[in-house]
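The structure appears below as structure tokens.
There are 2 protein chains.
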Amino acid sequence: MNRLCNLLEIEAPIIQAGMVWCSGWKLASASSNAGVLGVLGAGSMHPDVLDEHIKQTKQHTKKPFAVNLPLLYPEIDQHLDTILRNQVPVVITSAGNPKKHTSTLQKEGVKVIHVVSSVKFAQKAQEARVNAIVAEGFEAGGHNGRDETTTMVLIPAVADAVELPVIAAGGIRDGRGMLAALALGADGIQMGSRFVLSKESSAHQLFKSEIQKAEEGSTQLTLKELTPVRLLKNPFFQEIQKAYDQGANIDQLKALLGKGRAKKGMFLGNLEDGELEIGQVASYMNDLIPAKEIIQNTIQEYHSAINTVEKNTF
Amino acid sequence: MNRLCNLLEIEAPIIQAGMVWCSGWKLASASSNAGVLGVLGAGSMHPDVLDEHIKQTKQHTKKPFAVNLPLLYPEIDQHLDTILRNQVPVVITSAGNPKKHTSTLQKEGVKVIHVVSSVKFAQKAQEARVNAIVAEGFEAGGHNGRDETTTMVLIPAVADAVELPVIAAGGIRDGRGMLAALALGADGIQMGSRFVLSKESSAHQLFKSEIQKAEEGSTQLTLKELTPVRLLKNPFFQEIQKAYDQGANIDQLKALLGKGRAKKGMFLGNLEDGELEIGQVASYMNDLIPAKEIIQNTIQEYHSAINTVEKNTF
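Okay, structure coming up:
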């Protein structure tokens with residue numbers, strides 16, 4: 001009996017991460033149909049776009065799905081309204097204080113999961129009475145915690161500190177990682193980067209190709225003075241490094257980043273000037289396959305990893 | 315059947331890491347006597363000191379033990395001579411090219427394990443015909459790889475790339491971490507920081523107390539331009555950060571580091587001016603216990619983690 005499956009009414013305790021510019025209704029509905037939790041990334045959607053993606057998701061799956069909602073998003077109230085109006089079953093909140101909206105959502109029957117990067121934030125989320133926690137390590141793509149705590153270190157500490165179901169995120173790309181996460185004390189996993197490299201992800205084809213070509217050490221956490229973010233080391237990343245070398249201050253970094261960099265890189269495929277957010281696992285993935293296959297493979301590998309461990313006994 | 319246990323003739327596939335200033339004969343013999351591989355850290359020993367520690371280890375245990383040998387060490391030839399003269403059964407090499415000394419050691423019956431931080435270096439170690447590989451992630455204490463790849467990401471990639479037994483290191487402090495490592499494809503684990511906080515470690519009592527007091531985010535990887543090293547954020551660490559803020563170049567960083575900082579901090583207990591090398595797990599450990607208890611706990615937790623995973627089935 002897995003309590004995350006029970007809570008979310010899914011078959012396998014896997015969440016397909018909601019990611020800016022990569023996870024629209026095609027990916028979310030494909031994931032949900034394959035028995036896990038599909039998630040829409042609202043951080044890159046205006047309210048009317050989110051509304052359309054929710055409606056499409058509902059048309060393409062009868063199973064539960066979620067919306068990922070960065071709480072610092074400027075159009076947050078309209079997003080909340082859109083979510084409630086469409087009776088979205090689960091919301092995954094991130095980047096902000098979960099206290100403010102959790103009870104509003106739960107009163108309307110929405111389950112709330114909050115993303116954290118430390119024990120301290122996990123405890124705060126528990127105090128805010130969320131239903132579950134995603135604990136995300138340093139190796140994850142995109143925005144990231146300031147302490148740089150890795151998944152291996154973070155998960156047992158969070159599992160010891162809270163009673164709630166814990167979902168491990170960061171550095172997981174297959175069933176071996178899934179078993180590792182559950183061994184560390186998690187109830188389930190969230191995979192992001194692995195689903196960016198799926199047929200259904202809305203990442204630009206050129207971005208997907210860059211992920212396939214990524215070598216060891218091809219990603220790095222940067223812009224720690226603003227919001228830490230893990231990026232592929234493309235020309236824009238090199239520009240940031242050059243700014244650091246020249247002693248850039250926070251305002252200069254903000255000016256360099258500007259607006260719309262993630263859309264430019266991940267959605268429009270501008271590999272030179274865009275931000276390409278992806279996790280460390282990008283260095284070790286090549287196969288661009290349907291979400292369903294990613295999920296089936298992960299579950300199968302999970303079970304064979306259990307067999308491997310049993311054979312390795314001492 | 316565990317092939318690492320077979321190779322090293324130990325009961326549980328655990329290596330107590332050889333660490334500068336922390337792992338002398340007391341820790342190594344206690345670890346070996348408890349059924350795992352105890353390791354002397356030769357990186358902080360002159361040849362006559364190493365000789366004495368090997369002799370003491372042999373007097374206090376009849377079981378296999380190892381010496382950790384940083385290959386860039388200036389007195390390397392005398393160390394190799396000391397190791398061969400004393401018939402040390404296993405050598406763990408790090409920080410250098412394993413090609414040079416592996417066959418010399420193996421011809422004399424010594425098993426050679428090499429420490430790597432990437433798939434590329436793992437493959438090179440395999441080409442050098444070492445007997446096993448330690449793959450160490452970003453969360454580990456002390457000196458560290460340039461790619462910043464975490465244990466969660468590194469282990470499956472290394473396990474896929476080489477045939478040799480793989481030992482996971484970095485971020486492991488209990489049996490949950492051990493099961494995670496084996497799930498990821500490792501054959502065994504190496505724990506360092508966990509053994510720094512043991513009764514038998516030669517770390518200064520004040521350093522041990524600092525580890526017990528460490529909070530979340532208390533360690534950071536720094537001095538990446540020299541040799542990356544993970545340190546507790548003490549006043550010396552803050553001095554480094556200040557130097558960075560003022561745009562210090564490599565020569566200035568080298569001058570600031572100077573010589574003998576690790577001894578000063580870890581062995582002599584100078585918490586202000588010394589280097590305090592420790593892994594991210596320092597934030598989540600408090601109990602200063604005998605090595606034997608660490609090992610027994612880890613094995614017990616490993617088996618109960620298997621039970622937890624089985625109960626979590628879906």
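Residue numbers (the numbering used here), protein chains in the order written: chain A, 1 to 314; chain B, 315 to 628.
Glycine is no exception: its CB is placed at the ideal position from the N, C-alpha and C atoms.
Here the structure is a predicted model, which means the values were calculated and not measured.
Provide the residue span of the alpha helix (DSSP H) that contains S103 of chain A, from first to last. Stepping through the first sequence from its first residue, residue 103 of chain A is reached at position 103. Here the alpha helix (DSSP H) through S103 of chain A covers K99 to K107.
Boundaries of the beta strand (DSSP E) in which H428 of chain B is found, first to last residue: If you number the second sequence from 1, residue 428 of chain B lands on position 114. K425 to V430 is the extent of the beta strand (DSSP E) around H428 of chain B.
H143 of chain A (DSSP reduced to helix, strand or coil): Within the first sequence, numbered from 1, the residue matching residue 143 of chain A stands at position 143. Strand at H143 of chain A.
Give the secondary structure of L582 of chain B by DSSP, where H, G and I count as helix, E and B as strand, and everything else as coil. For the purposes of this step, residue 582 of chain B is taken as residue 268 along the second sequence, with counting starting at 1. In this structure, L582 of chain B counts as coil in the three-state DSSP scheme.
Going along the chain, which residues of its own chain have a beta-carbon closer than 6 angstroms to the beta-carbon of V636 of chain B, five neighbours each way excluded? Residue coverage of chain B in this structure runs from 315 to 628, which leaves residue 636 of chain B outside it and unanswerable.
Is the region 446-466 of chain B touching the region 212-221 of chain A, taking contact as three or more C-beta pairs under 8 angstroms? yes
Span of the alpha helix (DSSP H) around I397 of chain B: Residue mapping note: residue 397 of chain B aligns to position 83 of the second sequence, counting from 1. That run of the alpha helix (DSSP H) goes I390 to R399.
Please tell me whether P156 of chain A has its Cβ less than 8 angstroms away from any Cβ of chain B. For the purposes of this step, residue 156 of chain A is taken as residue 156 along the first sequence, with counting starting at 1. By this cut-off, P156 of chain A is an interface position.
As a quick exercise: from B:H415, B:G455 and B:E450, pick the residue whose alpha carbon is nearest that of R443 of chain B. As a position in the second sequence, residue 443 of chain B is number 129, starting the count at 1. Looking at the Cα atoms, B:H415 is the closest of the given residues.
Which of helix, strand or coil does DSSP assign to R230 of chain A? Sequence index remark: in the first sequence, residue 230 of chain A carries index 230 (1-based). Strand.
9 angstroms Cβ cut-off: residues of chain C touching S193 of chain A: This model lacks chain C altogether; the protein chains it does include are A and B.
A169 of chain A in three-state terms, based on DSSP: To locate residue 169 of chain A, count along the first sequence from 1; it is residue 169. A169 of chain A: strand per DSSP, three-state reduction.
Please state whether the Cβ-Cβ distance between G499 of chain B and E453 of chain B is less than 8 angstroms. Residue numbering aside, residue 499 of chain B sits at position 185 when the second sequence is read from its first letter. Residue numbering aside, residue 453 of chain B sits at position 139 when the second sequence is read from its first letter. Against a cut-off of 8 angstroms, the Cβ pair of E453 of chain B and G499 of chain B comes out as no contact.
By the criterion of Cβ-Cβ separation under 8 angstroms, what are the contact partners of V11 of chain A in chain B? Here residue 11 of chain A refers to the residue found at position 11 when the first sequence is read from its first residue. A quick correction: the sequence has Glu, not Val, at residue 11 of chain A. Those are F628, listed as they occur along chain B.
Partners in chain B for L197 of chain A, counting only beta-carbon separations shorter than 8 angstroms: Working through the first sequence from its first residue, we reach residue 197 of chain A at position 197. Result: empty, since nearest Cβ-Cβ is about 15 angstroms, beyond 8 angstroms.
Thinking C-beta only, is G455 of chain B closer than 8 angstroms to R317 of chain B? As a working note, residue 317 of chain B is residue 3 in the second sequence. As a working note, residue 455 of chain B is residue 141 in the second sequence. No, they are not a contact pair.
What distance in whole Å lies between the Cβ atoms of V88 of chain A and G18 of chain A, which are believed to be in contact at a cut-off of 8 angstroms? Position 18 of the first sequence, counted from the first residue, corresponds to residue 18 of chain A. Position 88 of the first sequence, counted from the first residue, corresponds to residue 88 of chain A. Not a contact, Cβ separation roughly 11 angstroms.
Straight-line gap, E586 of chain B to Q519 of chain B (C-alpha atoms, nearest Å): To locate residue 586 of chain B, count along the second sequence from 1; it is residue 272. To locate residue 519 of chain B, count along the second sequence from 1; it is residue 205. Taking the straight line joining both Cα atoms gives about 15 angstroms.
Here's the rule I'm using: 16 or more other beta-carbon atoms within 10 Å means buried, otherwise exposed. How should E450 of chain B be labelled? Against the second sequence, residue 450 of chain B aligns to sequence position 136. Buried: at least 16 other Cβ atoms inside 10 Å.
Could you tell me whether the Cβ of A214 of chain A comes closer than 8 angstroms to any Cβ of chain B? Locating residue 214 of chain A in the first sequence gives position 214, where the first residue counts as 1. A214 of chain A does not count as touching chain B.
Is any beta-carbon of chain B found at less than 8 angstroms from that of T150 of chain A? Residue mapping note: residue 150 of chain A aligns to position 150 of the first sequence, counting from 1. Yes, because at least one Cβ of chain B sits closer than 8 angstroms to the Cβ of T150 of chain A.
Tell me which residues of the region 109-139 of chain A have at least one Cβ-Cβ distance to chain B shorter than 8 angstroms, keeping chain order. S118, V119, K120, G137, F138 and E139
Relative to the C-alpha of V623 of chain B, which candidate in B:P384, B:M466, B:H393 and B:G491 has its C-alpha closest? Translated into positions along the second sequence, residue 623 of chain B becomes position 309. Measuring from the Cα of V623 of chain B, the nearest candidate turns out to be B:G491.
So L567 of chain B packs on A557 of chain B, CB below 8 angstroms; how close in whole Å? Position 253 of the second sequence, counted from the start, is the residue given in the question as residue 567 of chain B. Position 243 of the second sequence, counted from the start, is the residue given in the question as residue 557 of chain B. Yes, they are in contact, since the Cβ atoms of L567 of chain B and A557 of chain B sit about 6 angstroms apart, within 8 angstroms.
How would you label Q190 of chain A, buried or exposed, when you count the other beta carbons within 10 angstroms and need 16 or more for buried? Taking the first sequence and counting its residues from 1, the one referred to as residue 190 of chain A is at position 190. When all chains shown are included, Q190 of chain A counts as buried.
Based on DSSP bridge pairs, tell me the residues matched to Q330 of chain B. Here the question's residue 330 of chain B lines up with position 16 in the second sequence. Per DSSP, B:M505.
Using beta carbons (cut-off 8 angstroms, strictly below), is D565 of chain B in contact with chain A? Stepping through the second sequence from its first residue, residue 565 of chain B is reached at position 251. No, because no Cβ of chain A sits closer than 8 angstroms to the Cβ of D565 of chain B.
Helix, strand or coil at F379 of chain B according to DSSP, with G and I counted as helix: Your numbering for residue 379 of chain B matches position 65 in the second sequence. The answer is strand: DSSP assigns F379 of chain B an E or B state.
Are at least three pairs of beta-carbons, each pair with one atom in the region 319-332 of chain B and one in the region 572-586 of chain B, less than 8 angstroms apart? no
Can you confirm whether N316 of chain B, when its beta carbon is compared against all beta carbons of chain A, has any partner nearer than 8 angstroms? Along the second sequence, one-based indexing puts residue 316 of chain B at 2. Yes, because at least one Cβ of chain A sits closer than 8 angstroms to the Cβ of N316 of chain B.
Hey, would you say S512 of chain B sits closer than 8 angstroms to P604 of chain B, going by beta carbons? On the second sequence, position 198 is the one that residue 512 of chain B refers to. On the second sequence, position 290 is the one that residue 604 of chain B refers to. Closer than 8 angstroms, so yes.
For E477 of chain B, the nearest candidate out of B:K438, B:H457, B:L540 and B:A528 (CA to CA): As a first step, residue 477 of chain B is located in the second sequence; it is residue number 163 there, counting from the start. Among B:K438, B:H457, B:L540 and B:A528, the Cα nearest to that of E477 of chain B belongs to B:K438.
Extent of the continuous beta strand (DSSP E) to which V39 of chain A belongs: As a working note, residue 39 of chain A is residue 39 in the first sequence. G38 to G41 is the extent of the beta strand (DSSP E) around V39 of chain A.
The region 21-39 of chain A: which residues have C-beta closer than 9 angstroms to a C-beta of chain B, in chain order? none
Excluding five sequence neighbours on each side, which residues of the same chain lie with their C-beta closer than 8 angstroms to the C-beta of G561 of chain B? Your numbering for residue 561 of chain B matches position 247 in the second sequence. No residues qualify anywhere along the chain.
Looking at chain A, is there any beta carbon in it that lies within less than 8 angstroms of the beta carbon of A557 of chain B? Numbered from its first residue, the second sequence carries residue 557 of chain B at position 243. No, A557 of chain B lies away from the interface with chain A (no Cβ there is under 8 angstroms from its Cβ).
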